[in-house]
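Residue numbers (this note's numbering), protein chains in the order written: chain A, 1 to 502; chain B, 1 to 174.
A virtual CB, placed ideally from N, CA and C, is assigned to each residue, including glycine.
All values reported here derive from a predicted model rather than from experimental measurement.
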C-alpha cells in the first residue's frame, strides 16, 4: 500500500480525499497556490508544499511542478481529484514515467473517452445505445457556408432542436442548443469559440437535443484483475446552463428493470475500453424509458458522495486500493442501493443578480450538523473566496429512508447552513429543492428554464429581521479575516480589540 | 441605539431604535416610528443569538462590513445598508483626524472613568473602561491628551455611538 499520496487539487475535494488517506494510514500531501496559502486543504494535510503562483495555469495545472514536489517529498501516488489534471492523459503518463502511481484510469482510456466523438463510436460498437446525431465531415473547426449548409441538411433529418457539443467538452463549455436553422451559424461559431478557449480544440459534433429528458449516470468501477461493477445511478437533471446543481440516487425515473439494463450497458461500456478505477457513464433517459449514451467521465465525480451514501462505500478508498493493485473491495452482488441520497452544490454566486460570482471574505460560517447530514467543504470563517478558482465552496449531502425524507432533511440542512460575508446560492437551492414539481419528481434537464425560481426578498422583511440588522450594525466588524482586521485603519482612537472611539 | 436602514432588494427603508429597557441584558424595545415592539435579545456571542418577539423565537447570525449589514435569520439571508444621518456622518468624518470625542463603539456599561476634566493622559493610557457582553475594554488615549469634559457616569448604560467624553491633544491644548 502507498505510504504517501499527493493530492493535486484544492478546496473541498482535496480535503475529502485527505480524510480517506489519513483513515487508511497514508500521509496526505497538499500543494497550494499563493492565494490558498491559508486554505482549509493546507491545514487538513500532513505535509504541504507551495506551487508558487496565482492562477490555475501557474499552479494546479503545472504538471512539472506537481511531479517535482511528489518526487522530492517521496509521494508514491498522486490523486488528481476532479477538474484540473484529473482527465489529462499526458499527466497520467508523466506520473508513470516518474515512477509515481496516478490514481485513476489508464492514459489510453482517458484519451479515448476524452474525445467525445471517439467515445461515441467506441461505445456504439460495444452495443451501447447512443443519442442520434452525427460528426461533421472533414474539418469541423472551420465555419463557412458549405459547412453550415451540410449541418442544416443533416439537422433536418434528425429534427430540431439539436445540440452542438465540443469533442473535447465537459462542464457545459462549448455546448449550444440550436432551436432552428436561423440560429445555426451563430451557435456553431459560439460553440467552436468556446471549445477552443476552454480545451484548445475547436472540433464539435451534433446530437439531437432531448429537451424533456433526464440526465442519469451510472457509477462504474474496474480493477486490474478484470472485475468491473456498477454502483447504480445518480440523477442529475437539475442543471443550470448544463452545470449540475442537484444530484440524487436513486432516480425516480428508473424501474428495477431499466436500472438493470442501464447498469449492464455501463459495465459493457467500461469493459469495452478495459476500464480501471472509478468512472461515470452518462446517459439521457426520455419519457418512454429509452436511454442514450452521452459520455464517459474518467474521474471521480463531484457528486460521488450521493453514491457513497446509498451504497455505504468509500469510493476514494476503493480508488486507492485499485490503484495499488488490489482487487475491488466489493462485488456486484454485495452492492445495495439503500434509502435515498441527495446533494446540492453550494456556489459563491448571486442568484438575484444573474448568478454573478461573488467574492470576498467569509465572516460567519456554521455548517449544519445532524444525523445523515454530510458537508464536504473547503472553507471556514476567514476564508478568502477569490476570482481565481471555481466558485463551488462546498457540497451538502443528505441521506433519508426515502426521497421525501431526504428532501425534508435537505430543506432543514440548507436552512441551517450559515455563510455570511459573501453571497451564496443557498436560498436559491432551497427554493429549488422544495419546489412542488421537484418534490413530485417531475424533473428534467430544462426544469429551471420552465420553472422560474421565485426568490424571497422583494417584500419588506418582517420586524425581527430589521431588529437583527440593528444588532449587525452594533457589531465591531471583529469577524473580518485576521489580515483585514490588523490592516484596517481605525484612526487615532483605535484601542484594544474591537473597541474604538470615533 | 438608533439606526437608519435600507433593505435594497425590497427598496424599503426604516429607522429603527433599539434600546434596553432595564439592566436585564435581554429585555429591549424596538421603535419603528411610533410603533413599539417589545423584544428580548439573547446574545450567544457578538455575531449570533436569538430574539424572542411576540412569543416566537428567531435565531440570528449577523455580520457588519462597514455599512453593509449581513443578516441570517430563521434560515434566510438578508442584506441591509446602513444610512448615516448628517450628524453621525460629520462625527465619523472627523474621526480620522481631528475628532475630540470619545464615543461608545458598542452598547455597554461604564465601569470606570480615570480622571476629571483637566487631567492629562499619556499615549495608550485608559481614559474610560466599559463592559459589554461580559467583556471589559478600555478606550485609550492615542497620544498625549487633556480631558476636556466627561459626558457619562459610572454604572450608566450607554448606546453605541454615544459621546462619552471630550478630549484635546496636548499640542492644541497648550
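Please work out which residues of its chain come closer than 6 Å, Cβ to Cβ, to residue i, disregarding the five sequence neighbours upstream and downstream, and give them in chain order.
i, result
"residue 209 of chain A", "161, 162, 163 and 177"
"residue 316 of chain A", "17 and 20"
"residue 481 of chain A", "Reliability fails at residue 481 of chain A, whose pLDDT of 40 lies under 50, so the model's placement of it is uncertain and the value that follows must be treated cautiously. Cβ within range, chain order: 361 and 382."
"residue 49 of chain A", "31 and 69"
"residue 251 of chain A", "216, 233 and 235"
"residue 57 of chain A", "none"
"residue 355 of chain A", "349"
"residue 267 of chain A", "228 and 230"
So the candidates are the options; which of them puts its Cα closest to the Cα of residue i?
i, options, result
"residue 19 of chain B", "B:161, B:170, B:112 and B:165", "B:161"
"residue 193 of chain A", "A:175, A:206 and A:183", "A:175"
"residue 114 of chain A", "A:221, A:472 and A:296", "A:296"
"residue 2 of chain A", "A:229, A:326, A:87 and A:276", "A:326"
"residue 67 of chain B", "B:151, B:6 and B:11", "B:6"
"residue 21 of chain B", "B:38, B:13 and B:137", "B:38"
"residue 222 of chain A", "A:399, A:366 and A:324", "A:324"
"residue 434 of chain A", "A:443, A:408, A:459 and A:426", "A:408"
"residue 34 of chain B", "B:146, B:144 and B:14", "B:14"
"residue 180 of chain A", "A:159, A:195 and A:88", "A:159"
"residue 44 of chain A", "A:23, A:329 and A:56", "A:23"
"residue 285 of chain A", "A:254, A:353 and A:439", "A:254"
"residue 416 of chain A", "A:396, A:134, A:120 and A:422", "A:396"
"residue 44 of chain B", "B:163, B:61, B:152 and B:100", "B:61"
"residue 217 of chain A", "A:311, A:355, A:9 and A:237", "A:237"
"residue 321 of chain A", "A:87, A:309 and A:77", "A:77"
"residue 337 of chain A", "A:309, A:356 and A:126", "A:309"
"residue 343 of chain A", "A:304, A:276 and A:166", "A:304"
"residue 365 of chain A", "A:341, A:95, A:394 and A:471", "A:394"
"residue 97 of chain A", "A:116, A:67 and A:125", "A:67"
"residue 100 of chain A", "A:87, A:72 and A:112", "A:72"
For residue i, I'd like the list of residues in its chain whose CB is within less than 8 Å of its CB, leaving aside the five on either flank, ordered along the chain.
i, result
"residue 446 of chain A", "211 and 212"
"residue 90 of chain B", "Reliability of the predicted coordinates at residue 90 of chain B is poor, the pLDDT of 42 falling under 50, and the value obtained from them is presented with this limitation in mind. Nothing listed; no residue qualifies."
"residue 499 of chain A", "Its pLDDT being 35, under 50, residue 499 of chain A is placed unreliably by the model, and the measurement read from it follows with that caveat. So the list reads 476, once near-sequence residues are dropped."
"residue 1 of chain B", "17, 18, 19, 107, 159, 160 and 161"
"residue 404 of chain A", "439"
"residue 220 of chain A", "228, 229, 230, 231, 266, 267, 269, 270, 275, 278, 279, 280 and 281"
"residue 129 of chain A", "265, 290, 291, 292 and 293"
Would you list the one or two residues that DSSP bridges to residue i?
i, result
"residue 342 of chain A", "A:248 and A:398"
"residue 160 of chain A", "In DSSP, residue 160 of chain A forms no bridge with anything."
"residue 48 of chain B", "B:45 and B:61"
"residue 103 of chain B", "B:163"
"residue 126 of chain B", "B:140"
"residue 80 of chain B", "B:69"
"residue 240 of chain A", "A:243"
"residue 157 of chain B", "B:109"
"residue 85 of chain A", "Per DSSP, none; premise fails for residue 85 of chain A."
"residue 221 of chain A", "A:229 and A:278"
"residue 121 of chain B", "B:145"
"residue 48 of chain A", "A:30"
"residue 420 of chain A", "A:364"
If you drop the 5 nearest sequence neighbours on each side, which residues of the same chain put their C-beta closer than 7 Å to that of residue i?
i, result
"residue 65 of chain A", "51"
"residue 92 of chain A", "102, 104, 107 and 110"
"residue 7 of chain A", "14, 17, 18, 28, 29, 30, 79 and 81"
"residue 484 of chain A", "Interpretation of residue 484 of chain A is limited by its pLDDT of 37, a score under 50 that renders its predicted location unreliable; the figure taken from the coordinates is listed afterwards. The residues are 361."
"residue 41 of chain B", "26, 28, 49 and 51"
"residue 242 of chain A", "172 and 175"
"residue 80 of chain B", "5, 6, 7, 69 and 71"
"residue 87 of chain B", "Residue confidence for residue 87 of chain B is low, a pLDDT of 45 falling below 50, so the modelled location carries little weight; the figure read from the coordinates is stated next. Closer than 7 Å at the Cβ level, and outside the excluded window around residue 87 of chain B, lies no residue."
"residue 94 of chain B", "Residue confidence for residue 94 of chain B is low, a pLDDT of 38 falling below 50, so the modelled location carries little weight and cannot support an answer."
"residue 142 of chain B", "123"
"residue 35 of chain A", "54, 384, 386 and 388"
Does residue i come within less than 8 Å of chain C when only Cβ atoms are used?
i, result
"residue 31 of chain B", "Note that chain C does not occur in the displayed structure, where the protein chains are A and B."
* **Whole alpha helix (DSSP H) elements within the region 253–290 of chain A, 4-residue minimum** => The qualifying runs are 256–272.
* **Within the region 50–79 of chain A, ranges of the beta strand (DSSP E) (whole runs, at least 3 residues)** => Counting whole runs of 3 or more residues, the region 50–79 of chain A contains the beta strand (DSSP E) stretches 77–79.
* Asked: Enumerated in chain order, which unbroken segments of the beta strand (DSSP E) with a length of 3 residues or greater are wholly contained in the region 93–141 of chain A?
  -> 133–135
* Between the region 461–480 of chain A and chain B, which residues of the former have CB atoms less than 7 Å from a CB of the latter, in chain order? -> Residues passing the 7 Å Cβ filter: 461, 463, 464, 465, 466, 467, 468, 469, 470, 471, 472, 473, 474, 475, 476, 477, 478 and 479.
* At a Cβ cut of 9 Å, what residues of the region 364–397 of chain A count as close to chain B, listed as they run along the chain? -> Residues 364 and 366.
* To do: Report the residues of the region 146–174 of chain B with a CB closer than 7 Å to any CB of chain A, ordered along the chain.
  => 160
* Asked: What residues from the region 58–84 of chain B come within 7 Å of chain A, judged by C-beta to C-beta, listed N to C?
  -> 58, 60, 61, 62, 63, 64, 65, 69, 70, 71, 72, 73, 75, 76, 77, 78, 80 and 82
* What residues from the region 344–362 of chain A come within 7 Å of chain B, judged by C-beta to C-beta, listed N to C? -> Within the region 344–362 of chain A, contact with chain B at the beta-carbon level (separation under 7 Å) is assigned to 352.
* **Near-chain A residues of the region 47–58 of chain B (beta-carbon distance less than 9 Å), N- to C-terminal order** => 47, 48, 49, 51, 53, 54, 56 and 58
* To do: Would you list, in chain order, the members of the region 3–25 of chain B that have their beta-carbon closer than 8 Å to a beta-carbon of chain A?
  => 3, 5, 7, 9, 10, 12, 14, 16 and 18
* Got a sec: which bits of the region 445–461 of chain A sit with their beta carbon under 8 Å from any beta carbon on chain B, in order along the chain? -> 456, 457, 458, 459, 460 and 461
* Asked: Which full runs of the beta strand (DSSP E) of 3+ residues lie inside the region 323–378 of chain A, going along the chain?
  -> 340–347, 364–366 and 373–377
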